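Residue numbers (UniProt numbering): 1 to 318. Cβ atoms here follow ideal geometry from the backbone N, Cα and C, with glycine treated the same way. Quick caveat: nothing in here was measured; it's all calculated off a predicted structure.
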Amino acid sequence: MGIGIPKDILGFKGQRVKERVDTDCLVTHEIHPRAKKRMRRKIVPYGLMPSLVVISADSGFHTDVAISEVVMAGHSKWANIRHRKGAQDAKRGKLFTKLIREITVAAKMGGPDSSANPRLRSAIDAALSNNMPKDTIERAVKRGAGAGEGENYDEILYEGYGPAGVAVMVECLTDNRNRTVSEVRHAFTKSGGNLGTDGSVSYLFTKLGVLSYPPGSDEDAVMEAALEAGADDVVVNDDGSIDVLTAWEELLNVKEAMIAVGFEPANAEVTMQASTSMELGLDDAEKVMRLVDMLEDLDDVQKVYSNADFSDEVMAQL
């Protein structure tokens, strides 16, 4: 697929492309924002946000641009699985416990002023979106800030392999590392996987911020606002929902900029997105979900990420 883009707006690693090219082609994973802005309207609706741009040396003014289909492990697909699990967690009384723990840790690390503590602000927003009473939130903030006695939590990221060799990452907040690693290892082992070492699968994931908008949102308007807000990418999913992707450190800044122009997201979170995915059949998908069940049932586990991918047919049977 080729689209015409003037060479002066095509960026090579954030810079303008040189006038003459001696090699057969230039390959870049970064595109100048103005070029992205032109491309999105044609590409995004078809799920073709560029992951690779090839600029032919024979194209004269370098207007011949081939766009490869983006390789994403499907943030929205895994998010849908997590949202289903989240509803189950709420029924089991797990969700509030995890949210309170995150608020407490955020307040302890960055102070009780949410306007000056982005992590705390994000944690409070998540709690409010899940209908946590404000007095419960306030108590968690005070506990984290040192008002009264409270536990000291450590943040730990475990990595491992689940059924069928899928990559799994587990975010934990714990006051007892020995207990947590024992419980996490048991979940992996019982599910037919194994707990890995640091770095064993983390290279497959990228930490980023995601703002989610429901189906029916004005795609062009959201994309335009996202670009102006400084977002890195915009993805329109098969169901019509929209994900605005940004550097995780900039999530709240982009969110506030979007809200300021009338686009409040349905959800905003820092997440881990896999660079490659493994599509599983029903049997393996059920095994992976049993592992996710076991991990998310643990009080110390905050979030679980995987590069597992399920077809719509498989998801409907889970």
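Query: How about the stretch 117-133 and the stretch 267-279: do they share at least three Cβ pairs that are nearer than 8 Å?; Result: yes
Query: When DSSP builds the beta bridges, which residues end up paired with K207?; Result: M272
Query: Within the continuous alpha helix (DSSP H) that includes S122, where are the two ends?; Result: 118-129
Query: Taking DSSP as the reference, what is the three-state secondary structure of S311?; Result: coil
Query: Who pairs with K303 in a beta bridge, going by DSSP?; Result: E171
Query: Here's the rule I'm using: 16 or more other beta-carbon atoms within 10 Å means buried, otherwise exposed. How should P112 be labelled?; Result: buried
Query: Nearest CA to the CA of V168: which residue from F205, M109, D135?; Result: F205
Query: Please report the straight-line C-alpha distance between V261 and M272, rounded to a whole angstrom.; Result: 27 Å
Query: Buried or exposed: where does K207 fall if 16 or more other Cβ atoms within 10 Å of its Cβ makes it buried?; Result: exposed
Query: Under the DSSP definition of a beta bridge, which residues are partnered with A247?; Result: L208
Query: Classify D218 as helix, strand or coil using the three-state DSSP reduction.; Result: coil
Query: Name the residue from P214, L95, G146 whose alpha carbon lies nearest to the alpha carbon of N130.; Result: L95
Query: Who are the Cβ neighbours of A107 in its own chain at under 6 Å, not counting the five residues just before and after it?; Result: L120, V141, G144, A145
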